[in-house]
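Enquirer: Protein chains in written order, with this note's numbering: chain A, 4 to 226; chain B, 4 to 226. Glycine included, each C-beta is placed from N, C-alpha and C at the ideal position.
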DNA sequence: GACAATTTGGACAAGAGCGTCCAAAAATAT
DNA sequence: ATATTTTTGGACGCTCTTGTCCAAATTGTC
């Protein structure tokens, strides 16, 4: 018997679909492969055979597990956004609330942020995806839209506000500072990422150092 | 007789193709429509009929003028990059070399830059395109890669260096300052643009003001 | 080893899209 | 008005893609 195909019924919001009980490793390897190919070729340019090949799986298996090209796409987006969000808040939790060396601590945090959330595979995928399919599938990213950048900003802003209160920073608009911090962090990476270059660690670090240095020139406590 | 189709021979570099002598208005309207549809749907998701419809032209006419989907795509990219480059250097020429009110002048310049080069249709198109097709057609953007951001950075860096010499700024790395200036300029726009929102003028202006304010906090002459 | 679930590969119909051909209509030039 | 160029729309062949069906092979379980 072929495995139950993806159910027509829509899972209640918030409930995580258990999915058909095919071997889960295949299920994930398909999602991974699909993410890879969708990212490289775009939704329109992707065909199921590419995904099957990339996942080392027969085409039928792809259909067995995910039922539909669009369903597969949605599954991929869901998976990636979940991973990204998780990683993002994990990293945010490592913010230096009680810094010993503010500049070094902030730079290290910036490196973690860029490496684990922005420059990795998922980050690249999500960025690319939102830009290329965001207008065509607005519902798909509605969630990201409210839970993505806004949440990160405010979380980061809260940290900066505390650093201001504890006398480490001198700023009046923590939200603005948070946005500009992120912008500075990305300054050097933006262009490199646009073309899909892989980014070395030392580049990441020097980039973070320069960003933090400028950030502190603007918002640091004047001695 | 049907108009001569796009020549197979590759035009010598630097030479601007005269192209088949079809009515030029149609030629341009097709390019414009194609840019619009390619931008919305991606290369793979676009079909010639959409473009023909958007341009109010029969499908055959599209083929008469540009011969091929890929040739058309290349023509569109060439057109857009040329327009972008032209606009970019036009705007760069308005940099406040002898500022009366540094903060206000820089902010006005930033508004011009964002409005005329980054947030307009061509800017959005090029960005989206480079991100979605940059890895698949690296040759297409090889030119942009060396003539695009690098040139803008160095041009801007030269201006900042002069402002430093004339005592308006306090910086040691003009290139870095240029990149960070651009990053700050884009800080607030990035997210709004990702989803294709149209951006109001007052948002553009307040965004530029805040960016310049922070930039000057970091690089301004300390009184 | 026997049994069930899963995967595989190949064949298939239906449809979409590309690019071509062509003769009739419209626009433009002479 | 006449000749030339451009545009049009429709029909066509071709290829690629989707999604389905199914019988055989593989894998995992008891």
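Residues in the same chain with beta-carbon distance under 6 Å from residue 177/A, minus the five sequence neighbours each way, listed in chain order, please.
Expert: The residue labelled residue 177/A in the question sits at position 174 within the first chain. Only 160, 163 and 164 meet the Cβ criterion.
Enquirer: Can you list, in chain order, the residues of its chain with a C-beta nearer than 6 Å to that of residue 24/A? Leave out the 5 residues immediately preceding and following it.
Expert: For this step, residue 24/A is matched to residue 21 along the first chain. Model confidence at residue 24/A stands at a pLDDT of 49, short of 50, so the residue's coordinates are unreliable; what they give is reported in the following sentence. Around residue 24/A: no qualifying Cβ.
Enquirer: What runs of the alpha helix (DSSP H), each 4 residues or longer, lie entirely inside the segment 60 to 86 of chain A?
Expert: Listed in chain order, they are 62 to 69.
Enquirer: Taking 8 Å as the cut-off, does the segment 53 to 60 of chain B touch the segment 25 to 37 of chain B (at least 3 CB pairs, one atom from each stretch)?
Expert: Cβ pair count under 8 Å is three or more, so yes.
Enquirer: DSSP three-state call for residue 21/A: helix, strand or coil?
Expert: In the first chain, counting from the first residue as 1, residue 21/A sits at position 18. Note that residue 21/A scores a pLDDT of 36, beneath 50, so its modelled location is shaky; the value from the coordinates is reported in the next line. Three-state result, residue 21/A: coil.
Enquirer: What residues match up with residue 223/A in a beta bridge as DSSP calls it?
Expert: Numbered from its first residue, the first chain carries residue 223/A at position 220. For residue 223/A, which the question treats as bridged, DSSP gives the partners 172/A.
Enquirer: Is the Cβ of residue 189/B closer than 8 Å to any Cβ of chain A?
Expert: Along the second chain, one-based indexing puts residue 189/B at 186. Chain A, which has a Cβ nearer than 8 Å to the Cβ of residue 189/B, makes this yes.
Enquirer: Counting along the chain, where does the alpha helix (DSSP H) carrying residue 43/A start and finish?
Expert: On the first chain, residue 43/A is found 40 positions in, with the first residue counted as 1. Element bounds for residue 43/A: 27 to 48.
Enquirer: If residue 188/B and residue 113/B are in contact, beta carbons under 8 Å, what's the gap, nearest whole angstrom?
Expert: On the second chain, position 185 is the one that residue 188/B refers to. On the second chain, position 110 is the one that residue 113/B refers to. At roughly 5 Å, the Cβ-Cβ gap stays under 8 Å, so residue 188/B and residue 113/B are in contact.
Enquirer: Applying a beta-carbon distance threshold of less than 9 Å, which residues of chain A neighbour residue 152/B?
Expert: The residue given as residue 152/B occupies position 149 in the second chain. Under the 9 Å cutoff, chain A gives 193, 194 and 197.
Enquirer: Give the straight-line distance between the Cα atoms of residue 122/B and residue 64/A, rounded to the nearest whole angstrom.
Expert: Within the second chain, residue 122/B is the residue found at index 119, counting from 1. Within the first chain, residue 64/A is the residue found at index 61, counting from 1. About 44 Å.
Enquirer: Note down the Cα distance separating residue 171/A from residue 106/A, rounded to an integer number of angstroms.
Expert: If you number the first chain from 1, residue 171/A lands on position 168. If you number the first chain from 1, residue 106/A lands on position 103. Looking at the two C-alpha atoms, the distance is approximately 10 Å.
Enquirer: Might you give, ordered along the chain, the residues of its own chain that have their beta carbon closer than 6 Å to the beta carbon of residue 120/B, omitting 5 neighbours on each side?
Expert: Position 117 of the second chain, counting from 1, holds the residue named residue 120/B. Closer than 6 Å at Cβ, skipping near neighbours: 90, 91, 94 and 126.
Enquirer: Give the interface partners of residue 131/A over in chain B, defined as CB-CB distance under 9 Å, in chain order.
Expert: Numbered from its first residue, the first chain carries residue 131/A at position 128. Ordered by position in chain B, the residues that pass the 9 Å Cβ test against residue 131/A are 134 and 135.
Enquirer: Ignore the nearest five residues each way along the sequence and tell me which others in residue 29/B's own chain have a CB closer than 8 Å to its CB.
Expert: For the purposes of this step, residue 29/B is taken as residue 26 along the second chain, with counting starting at 1. Excluding positions up to five away in sequence, the list reads 58, 60, 64 and 68.
Enquirer: Taking residue 103/A and residue 183/B to be in contact with their CB atoms under 8 Å, please state how far apart those CB atoms are, rounded to whole angstroms.
Expert: Locating residue 103/A in the first chain gives position 100, where the first residue counts as 1. Locating residue 183/B in the second chain gives position 180, where the first residue counts as 1. Between residue 183/B and residue 103/A the Cβ distance is about 26 Å, and since that is not below 8 Å, they are no contact.
Enquirer: Do residue 47/B and residue 82/A have their CB atoms nearer than 8 Å?
Expert: Residue 47/B sits at position 44 when you count from the first residue of the second chain. Residue 82/A sits at position 79 when you count from the first residue of the first chain. Contact: no.
Enquirer: Would you decide whether residue 27/B is buried or exposed? Buried here means 16 or more other CB atoms lie within 10 Å of its CB.
Expert: By one-based count along the second chain, residue 27/B stands at place 24. With fewer than 16 Cβ atoms within 10 Å of its Cβ, residue 27/B is classed as exposed.
Enquirer: Would residue 142/A pass as an interface residue toward chain B - the criterion being a Cβ-Cβ separation below 8 Å?
Expert: In the first chain, counting from the first residue as 1, residue 142/A sits at position 139. It does not: the Cβ of residue 142/A has no partner Cβ on chain B nearer than 8 Å.
Enquirer: Run down chain A in chain order and give the residues with a C-beta less than 7 Å from the C-beta of residue 81/B.
Expert: Taking the first residue of the second chain as position 1, residue 81/B is located at position 78. Near residue 81/B there are no residues of chain A at all, since even the closest Cβ is about 18 Å away, more than 7 Å.
Enquirer: Excluding the 5 residues preceding and the 5 following residue 144/B in the sequence, name in chain order all residues of the same chain whose CB lies nearer than 6 Å to its CB.
Expert: Translated into positions along the second chain, residue 144/B becomes position 141. Counting only Cβ-Cβ distances below 6 Å, and skipping sequence neighbours, we find 133 and 137.
Enquirer: Going along the chain, which residues of its own chain have a beta-carbon closer than 6 Å to the beta-carbon of residue 84/A, five neighbours each way excluded?
Expert: Residue mapping note: residue 84/A aligns to position 81 of the first chain, counting from 1. Same-chain partners within the cutoff: 147.
Enquirer: Please state whether the Cβ-Cβ distance between residue 72/B and residue 51/B is less than 8 Å.
Expert: Position 69 of the second chain, counted from the start, is the residue given in the question as residue 72/B. Position 48 of the second chain, counted from the start, is the residue given in the question as residue 51/B. Contact flag set, yes.
Enquirer: What does residue 186/B reach in chain A if we use C-beta pairs closer than 9 Å?
Expert: Here residue 186/B refers to the residue found at position 183 when the second chain is read from its first residue. Those are 183, 186, 187, 188, 189, 190, 191, 193 and 214, listed as they occur along chain A.
Enquirer: Strictly below 8 Å CB to CB, what residues from chain B border residue 203/A?
Expert: Looking up residue 203/A in the first chain gives position 200. Under the 8 Å cutoff, chain B gives no residues; its nearest Cβ is about 18 Å from residue 203/A.
Enquirer: If the cut is a Cβ gap below 7 Å, which residues of chain B does residue 217/A touch?
Expert: Within the first chain, numbered from 1, the residue matching residue 217/A stands at position 214. Going along chain B in sequence order, the residues near residue 217/A (Cβ under 7 Å) are 183 and 221.
Enquirer: Indicate whether at least one CB of chain A lies closer than 8 Å to the CB of residue 179/B.
Expert: Here residue 179/B is taken as the residue at index 176 of the second chain, counted from 1. It does; some Cβ of chain A falls within 8 Å.
Enquirer: Going by alpha carbons, who is nearest to residue 1/B out of 185/B, 197/B and 200/B?
Expert: There is no way to answer for residue 1/B, as the model of chain B reaches only from 4 to 226.
Enquirer: Can you pull the chain A residues whose beta carbon is under 7 Å from the beta carbon of residue 44/B, in chain order?
Expert: Indexing the second chain from 1 puts residue 44/B at position 41. Under the 7 Å cutoff, chain A gives 47.
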